[in-house]
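FYI, the working numbering numbers position 115 of the sequence shown as 158, with every residue one higher than the one before it. The block underneath contains the structure these notes are about, expressed in structure tokens.
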Amino acid sequence: MSEFTSRLARVQRWTQAEEVARSITDSKKQAAALSELVSKLARVQRWKQAEEVARSIMDNKKQAAVLSELASALTEAEGWERAESLWIQAEEVARSITDSEVQAAALSELASALTEAEGWKQAEEVARSIMHNEKQGRALSVLVERLLTAGEYEKMFALVQLSWLHAETQAFALQLFASAIRGLVSLKPDIGIALYHAFQLADTFLSGKTR
């Protein structure tokens, strides 16, 4: 954000700050200025104006990220139901991205934001829709770790079990397993270590190795 725009935002002259941000001709700098303005508007809970500014950002990946950040702030301030439409908008914008790599990155960021906001079901749905194995695995791993931290053990085991059933590669399955084990060893050492040894035996058998 330009110094002048920042000054206007600091004294809460929001309309003028928005006009100055929009006058920036460089598209990346304009998007950055508008994104920062959204953050400042969210801090003072001017939700409607923040949403309007966020939706005006022309770069879809940036818009999706800003909408998810705004949804996170609104969820924290006023609860999930109030912010649900923003989460939906963020997902729609992310899915509208035509470049598959960029879309996968945008959905991965959205899944992480949903995870942090404890929108477990939505985070899992978004993560599973990512059409890039490594990014999908990473997003699901983050979700596994947060579920463990939150004490949502049943949800975590159900997620890991379903993921293993649909895993297309050994690397994908191991990535999720590693996340589950790290959490279990710290929270329930005996169970975590026993599960690790059991998985090692199963992996050795399925790989056709001999000990």
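Yeah, the Cβ is synthetic: ideal placement off N, Cα and C, and Gly gets one too.
How about E119: is its Cβ closer than 8 angstroms to a heavy atom in the ligand ATP? Of ligands this structure carries none, so the ligand ATP is not represented either.
Which residues bound the alpha helix (DSSP H) around H209? Taking the sequence shown and counting its residues from 1, one reaches residue 209 at position 166. Residues 196-209.
Counting Cβ pairs, one atom from each stretch, are 3 or more of them under 8 angstroms apart for the stretch 112-123 and the stretch 80-90? yes
Can you give me the start and stop residues for the alpha helix (DSSP H) that T118 sits inside? For the purposes of this step, residue 118 is taken as the residue at position 75 of the sequence shown. T118 -> alpha helix (DSSP H) spans 103-121.
Cβ pair A201, E161 closer than 9 angstroms: Within the sequence shown, residue 201 is the residue found at index 158, counting from 1. Within the sequence shown, residue 161 is the residue found at index 118, counting from 1. Contact: no.
Could you say which of K104, W57, H209, E95 lies nearest to V145 if we only look at CA atoms? Taking the first residue of the sequence shown as position 1, residue 145 is located at position 102. For the residues K104, W57, H209, E95, the minimum Cα distance to V145 belongs to K104.
Inter-residue spacing [alpha-carbon to alpha-carbon] between W90 and V169: On the sequence shown, residue 90 is found 47 positions in, with the first residue counted as 1. On the sequence shown, residue 169 is found 126 positions in, with the first residue counted as 1. Rounded to whole angstroms, W90 to V169 spans 24 angstroms at the Cα level.
DSSP-derived helix/strand/coil call for A193: Along the sequence shown, one-based indexing puts residue 193 at 150. Coil, per DSSP.
Residue range of the unbroken alpha helix (DSSP H) whose run includes L95: Taking the sequence shown and counting its residues from 1, one reaches residue 95 at position 52. Correcting the residue identity first, residue 95 is Glu in this sequence and not Leu. Its alpha helix (DSSP H) spans residues 90-98.
Tell me the rounded alpha-carbon separation between W207 and L183. Taking the sequence shown and counting its residues from 1, the one referred to as residue 207 is at position 164. Taking the sequence shown and counting its residues from 1, the one referred to as residue 183 is at position 140. Cα to Cα, W207 sits roughly 11 angstroms from L183.
Return yes when the Cβ of A74 is within less than 9 angstroms of the Cβ of A107, no when it is not. Indexing the sequence shown from 1 puts residue 107 at position 64. Indexing the sequence shown from 1 puts residue 74 at position 31. No, they are not a contact pair.
To the nearest angstrom, how far is the alpha carbon of T141 from that of E152? Along the sequence shown, one-based indexing puts residue 141 at 98. Along the sequence shown, one-based indexing puts residue 152 at 109. Their backbone Cα atoms lie some 16 angstroms apart in a straight line.
Of the choices Q165, Q204, Q59, S143, whose alpha-carbon is the least far from that of W123? Here residue 123 refers to the residue found at position 80 when the sequence shown is read from its first residue. Taking only the C-alpha atoms, the option nearest W123 is Q165.
Contact under 9 angstroms by Cβ, H175 with A147: The residue you call residue 175 lines up with position 132 of the sequence shown. The residue you call residue 147 lines up with position 104 of the sequence shown. Yes.
Backbone CA spacing between A60 and E79 [nearest angstrom]: Looking up residue 60 in the sequence shown gives position 17. Looking up residue 79 in the sequence shown gives position 36. C-alpha separation (whole angstroms): 11 angstroms.
Our contact map puts L150 next to S128 with C-beta atoms below 8 angstroms; I'd like the distance itself, whole angstroms only. Here residue 150 refers to the residue found at position 107 of the sequence shown. Here residue 128 refers to the residue found at position 85 of the sequence shown. Incorrect: roughly 18 angstroms between the Cβ atoms, too far for contact.
State the Cα-Cα distance for the pair D69 and M101, rounded to the nearest angstrom. Mapped onto the sequence shown, residue 69 falls at position 26. Mapped onto the sequence shown, residue 101 falls at position 58. Distance between the alpha carbons of D69 and M101: 12 angstroms.
Beta-carbon within less than 7 angstroms of E167's beta-carbon, same chain only, minus the 5 sequence neighbours each way: which residues are those? Position 124 of the sequence shown, counted from the start, is the residue given in the question as residue 167. Once the five neighbours on either side are set aside, the close Cβ partners of E167 are L186, L202.
Measuring only the C-alpha atoms, how far is A93 from I131? Locating residue 93 in the sequence shown gives position 50, counting from the first residue. Locating residue 131 in the sequence shown gives position 88, counting from the first residue. If I take the Cα positions, the gap works out to 16 angstroms.
Secondary structure of S139, DSSP reduced to three states: As a working mapping, residue 139 is identified with position 96 in the sequence shown. Coil at S139, not helix or strand.
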